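**Student:** One structure, as C-alpha cells, below. Some questions next.
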Amino acid sequence: MLAYIIRRLLLIIPTLFGIMVLNFAIIQAAPGGPVEQLIAEIEGTAISATTRITGTTGETVSSTRSGEGGESLYRGAQGLDPAFIAEIEKLYGFDKPAHERFLQMMGSYLRLDFGNSFFRGRPVVDLVLEKMPVSISLGIWTTLIVYLISIPLGIRKAVRDGSRFDIWTSAIVVTLSAIPGFLFAILLVVLFAGGSYLDWFPLRGLVSSDFATLPWYEQILDYLWHMVLPITALVIGGFAGLTMLTKNSFLDQINQAYVSTARAKGLSERRVLYGHVFRNAMLIVIAGFPSAFIGILFTGALLIETIFSLDGLGLLGFESLINRDYPVVFGTLFFFTLLGLVLNLVGDLAYTMVDPRIDFERRRL
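Encoded structure:
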C-alpha cells in the first residue's frame, strides 16, 4: 500500500502541471486581460483623474490621463501615455512572454508564494483564508447531510423495491432534483427570510454582527441559525442522484449469488444486508465522494453564496475570473486542483477500509 501511495503522489505532479498548462493557455487566449480591464476602468474616469494601480509586487503607480496619442496593442488606450501602459504591463508581469510568466508562476507556487491580487491589493493566501470558513461550512454540512439522507434512503428503497414507499419517494426525489438550487433558495428567502411571509431566518452573513459578544453556546446556535436556509437549498438538489445511485448499487448486489447463499445458510436479513451487501454496494458510493465534496465546496455554492450574501470561495473565484484577476484565478485553481487530486487518493484508500479484499499493490497505474 505504501508503494501505491507514493506512486499516486508522484502522479499528482504531472497531472497538476498539465491542468495548470491547459487552463493557463485557455485564460490567456480569452480577451480582456487585467491590463485591458484597467485601461477600461481608467477610460471610464473623468479627464485628469489620477488612478492608482497595485502590481504583483505590491507597488503602486500613479498616472494622469494624457491627451497625447500613441500606438497601443490595447483597445481604448489611445488616450493614455504609452510609457504608462508599459509600466502597467511591467507591474503585472505582462512585459514577458506567456511561457516565461507561466514558469515563473509555477516556480512561485512551489515556494508557496501565490502573489498578490491585481485589483484587491492583498495576498492571494489571505483572501482564500478569509473566504474559506464560508465555503468549508457549506461544503462539509451539505455533504454530511446529503450522505446521511441518501444512503439510508437508498438502502430502504432497494430493500422495498417496487413498493408504494419506493414509488412515492422516487417521485419526491425526482421532483426535488428538477428544481434548481438557486430557485429553491429564492423560494426559501420569500417564505422564511422576511420576503413576503415569515421572518424566521437571517438573510445575509455567516454569523450575526454581535457574534463576538455572544456566549459560546449562543455563538453555535447563531452559526447554525444562519446556515439553515443555504444548506437546505444545497441539500435539496444534491441528494437525488446519490439516493438513486445507492439504491441501484444495492439492488445489483442483492441479486448476486453470494446473497442467496448467505440467506440459505440461515443468516438474518439484517446480517445479509449490512454484513455482506453493504461493503460491496458502498464502493461505488465512496468513489464519488471526493468529486461530490469538491463540487459542493467550490462550484455548487456560487449562486447560493450570492443569494444569501455569503462571501465564500465560489464568489471570490467568479469575481476574479470576471475581473481577470489572474493571481487569484490561478492561485485558487492550483489549490483546488491539488486538493481534488489528494481527495481522490483518499477515496481510493477508503476502498480498503470498506473492503479489505481490495489490494492496490497489484493494480498497475
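Letter by letter, the sequence shown follows residues 17 to 381 of our numbering. Quick reminder that beta carbons are idealized off the backbone N, C-alpha and C, glycines included. None of these values were measured; they are calculated from a predicted model.
Less than 7 Å separating the beta-carbons of Lys-147 and Gly-328?
**Tutor:** In this structure, Gly-328 lies closer than 7 Å to Lys-147 by Cβ.
**Student:** Are the stretch 243-256 and the stretch 208-218 touching by the rule of at least three beta carbon pairs closer than 8 Å?
**Tutor:** Short answer: they touch.
**Student:** Please work out which residues of its chain come closer than 6 Å, Cβ to Cβ, to Val-301, disregarding the five sequence neighbours upstream and downstream, and give them in chain order.
**Tutor:** Excluding positions up to five away in sequence, the list reads Thr-262.
**Student:** Can you give me the C-alpha to C-alpha distance between Ile-236 and Ile-320, rounded to a whole angstrom?
**Tutor:** Between Ile-236 and Ile-320, the C-alpha separation is close to 21 Å.
**Student:** With H, G and I counted as helix, E and B as strand and the rest as coil, what does DSSP make of Ala-13?
**Tutor:** Summary: the structure shown does not reach residue 13, with the chain confined to residues 17 through 381, and so no result is reported for it.
**Student:** Starting from His-242, trace the alpha helix (DSSP H) in both directions and tell me its first and last residue.
**Tutor:** 232-252 is the extent of the alpha helix (DSSP H) around His-242.
**Student:** Would you mind sorting Thr-76 into buried or exposed? The rule is 16 or more other CB atoms within 10 Å of its CB.
**Tutor:** Here Thr-76 scores only 47 on pLDDT, less than 50, and its place in the model is too uncertain to base an answer on.
**Student:** With DSSP as the reference, identify every bridge partner of Pro-139, one or two as the case may be.
**Tutor:** Bridge partners of Pro-139: Asn-132.
**Student:** If you scan the stretch 18-51 from start to end, which runs of the alpha helix (DSSP H) of 4 or more residues do you find wholly inside it?
**Tutor:** Those alpha helix (DSSP H) runs which fall completely within the stretch 18-51 and span 4+ residues are 18-45.
**Student:** By DSSP, does Asp-268 sit in helix, in strand, or in coil?
**Tutor:** Reduced to three states, the DSSP call for Asp-268 is helix.
**Student:** Evaluate Phe-40 with the Cβ neighbour count: other Cβ atoms within 10 Å of its Cβ, from every protein chain shown; 16 or more gives buried, anything less gives exposed.
**Tutor:** Under this definition Phe-40 is a buried residue.
**Student:** Name the DSSP beta bridge partners of Ala-209, please?
**Tutor:** Answer is Asp-215, bridged to Ala-209.
**Student:** Can the beta-carbon of Ala-249 be found closer than 7 Å to that of Leu-204?
**Tutor:** Yes; because the gap between Cβ atoms is below 7 Å, this pair is in contact.
**Student:** Under a Cβ-count criterion, where at least 16 other Cβ atoms within 10 Å of its own Cβ denotes burial, should Phe-255 be classed as buried or exposed?
**Tutor:** By the neighbour-count rule (16 or more Cβ atoms within 10 Å), Phe-255 is buried.
**Student:** Does the ligand MG have even one heavy atom less than 6 Å from the beta-carbon of Leu-240?
**Tutor:** Within the structure as shown, the ligand MG is missing, as the structure has no ligands at all.
**Student:** When you compare the CB positions of Asn-339 and Phe-130, do they come within less than 7 Å of one another, or not?
**Tutor:** The answer is no: Cβ separation not under 7 Å.
**Student:** Do Gln-269 and Ala-297 have their C-beta atoms closer together than 7 Å?
**Tutor:** Taking 7 Å as the Cβ cut-off, Gln-269 and Ala-297 qualify as a contacting pair.
**Student:** Might you give, ordered along the chain, the residues of its own chain that have their beta carbon closer than 6 Å to the beta carbon of Arg-28, omitting 5 neighbours on each side?
**Tutor:** The residue asked about is misnamed: residue 28 is Ile in this sequence, not Arg. So the list reads Leu-357, once near-sequence residues are dropped.
**Student:** Using the three-state DSSP reduction, which class does Phe-182 fall into: helix, strand or coil?
**Tutor:** Checking the sequence shown, residue 182 turns out to be Asp, not Phe. In this structure, Asp-182 counts as helix in the three-state DSSP scheme.
**Student:** Among the residues of its own chain, which have a CB less than 7 Å from the CB of Ser-133, if the five just before and after it don't count?
**Tutor:** Val-140, Leu-143, Asp-341, Pro-343 and Val-344.
**Student:** Determine whether the beta carbon atoms of Val-162 and Leu-222 lie at a separation below 7 Å.
**Tutor:** Against a cut-off of 7 Å, the Cβ pair of Leu-222 and Val-162 comes out as no contact.
**Student:** By a C-beta neighbour count over all protein chains shown, 10 Å radius and 16 as the cutoff for buried, is Gly-34 buried or exposed?
**Tutor:** Result: exposed.
**Student:** By a C-beta neighbour count over all protein chains shown, 10 Å radius and 16 as the cutoff for buried, is Ile-21 buried or exposed?
**Tutor:** Burial call: exposed.
**Student:** Nearest-angstrom Cα distance between Asn-264 and Leu-32?
**Tutor:** Computed Cα separation, rounded: 34 Å.
**Student:** In angstroms, rounded to a whole number, what distance separates the CA positions of Leu-365 and Trp-241?
**Tutor:** Using only the alpha carbons, I get a separation of about 35 Å.
**Student:** How many Å lie between Tyr-213 and Ile-252 at the Cα?
**Tutor:** One C-alpha to the other measures close to 21 Å.
**Student:** With H, G and I counted as helix, E and B as strand and the rest as coil, what does DSSP make of Val-223?
**Tutor:** Residue state, collapsed to three classes: coil.
**Student:** Enumerate in chain order the residues of its own chain whose CB-to-CB distance from Phe-305 is below 6 Å, with the five nearest sequence positions on each side excluded.
**Tutor:** Result list for Phe-305: Gly-363, in chain order.
**Student:** What are the start and end residues of the alpha helix (DSSP H) that includes His-115?
**Tutor:** Start and end: 114-126.
**Student:** Please return the same chain residues whose Cβ sits closer than 7 Å to the Cβ of Arg-24, not counting the five positions on each side in sequence.
**Tutor:** Excluding sequence neighbours, Arg-24 sits near Leu-361.
**Student:** From Met-17 to Leu-26, what does the alpha carbon distance come to, in whole angstroms?
**Tutor:** Cα-Cα distance, rounded: 14 Å.
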